[in-house]
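**Student:**
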Amino acid sequence: MHKDSTPRASVLQHVSQNVRRLRHAADMSQTALAEKSGVSRRMLVAIEAGEKNVSLTTLDRVAEALDVAFSDLIQAPDVRDPSRINEIAWAGSIPGSKAVLLSKATATREVEQWEWCLQPGEVYPSQPDADGWSEQLYVFEGCLTLMLGDTVQKIAAGEFFMFASNQPHSYRNDGEVAARFVRNVVI
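If you count by the numbering used here, then the sequence shown holds residues 19 to 205, one letter each, in order.
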């Protein structure tokens, strides 16, 4: 399982250190990274200072601009096995809702494996991914409501679902108990 006791602040610190290190390695200024990623310079300054709880979509844009994997931004700098991430990357507004990036594997670019928990009433809206990306979901507790554009897909415990993620989609828990699921993002 994941390090639930590790505070979200440690991930912000990893992101801060990694963005700064990777930006310097790419010989980019904050202004150049802001222009290339479409993320404001002010936001990048806050990220590098470890002060900003940033969205997954924003981190994805920064990673793409730096030509690195998303996981390279949130992974602890001293990790021994680079395929094992095991870090909380998103915390919801309802206590207990979270997304933990468990691991990654090489694919065309990579595969990310996430463990998610959405408490009753929690929603996670996701932006469309690039063409060619897909997601694989497996629910192991509760029931997950997946919104694909205007289509509603209910996925109960023990069921799985795959879809092309280059379309608007969101994850929702309409149930009475936590919805826990594994999400593989194939890049």
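The C-beta atom is built at its ideal place from N, Cα and C for all residues, glycine as well.
Going by beta carbon distance, what residues of the same chain come within less than 7 angstroms of Asp192, once the five residues before and after it are set aside?
**Tutor:** Taken in chain order, the residues that qualify are Thr163.
**Student:** Let's test the definition: count the other Cβ atoms within 10 Å of the Cβ of Gln185 and tell me whether it reaches 16, buried, or not, exposed.
**Tutor:** Gln185 comes out exposed.
**Student:** So Ser115 is in the beta strand (DSSP E); what residue range does that whole segment cover?
**Tutor:** It is not in any beta strand (DSSP E) - Ser115 carries neither H nor E in the DSSP assignment.
**Student:** List the endpoints of the continuous alpha helix (DSSP H) containing Thr75.
**Tutor:** Note, Thr75: alpha helix (DSSP H), 74-84.
**Student:** Just list the residues that DSSP pairs Leu164 with in beta bridges.
**Tutor:** Per DSSP, Gln171, Tyr189.
**Student:** Identify the continuous alpha helix (DSSP H) that holds Glu66 and give its terminal residues.
**Tutor:** Start and end: 59-66.
**Student:** Glu130 and Val203 look like a contact to me (Cβ under 8 angstroms); what is the Cβ gap, rounded to whole Å?
**Tutor:** Yes, Glu130 and Val203 are in contact; Cβ-Cβ is about 4 angstroms, under 8 angstroms.
**Student:** Is Phe178 buried or exposed, if buried means 16 or more other CB atoms sit within 10 Å of its CB?
**Tutor:** Looking at its Cβ environment, which holds fewer than 16 other Cβ atoms inside 10 Å, Phe178 is exposed.
**Student:** Tell me which same chain residues have a C-beta within less than 6 angstroms of the C-beta of Trp134, skipping the five on either side of it?
**Tutor:** Taken in chain order, the residues that qualify are Ala117, Phe199, Arg201.
**Student:** Helix, strand or coil for Ala196? Go by DSSP, reduced to three states.
**Tutor:** Note: Ala196 maps to coil in three-state DSSP.
**Student:** Does DSSP classify Lys70 as helix, strand or coil?
**Tutor:** Residue state, collapsed to three classes: coil.
**Student:** Near Val29, which residues of its chain fall below 8 angstroms by C-beta distance, leaving aside the five closest residues on each side in sequence?
**Tutor:** For Val29, where only same-chain residues beyond five positions count, the Cβ hits under 8 angstroms are Ile92, Glu105, Ile106, Ala107.
**Student:** Return the first residue and the last residue of the alpha helix (DSSP H) that Ser47 is part of.
**Tutor:** Neither: Ser47 is in no alpha helix (DSSP H) and is coded neither H nor E.
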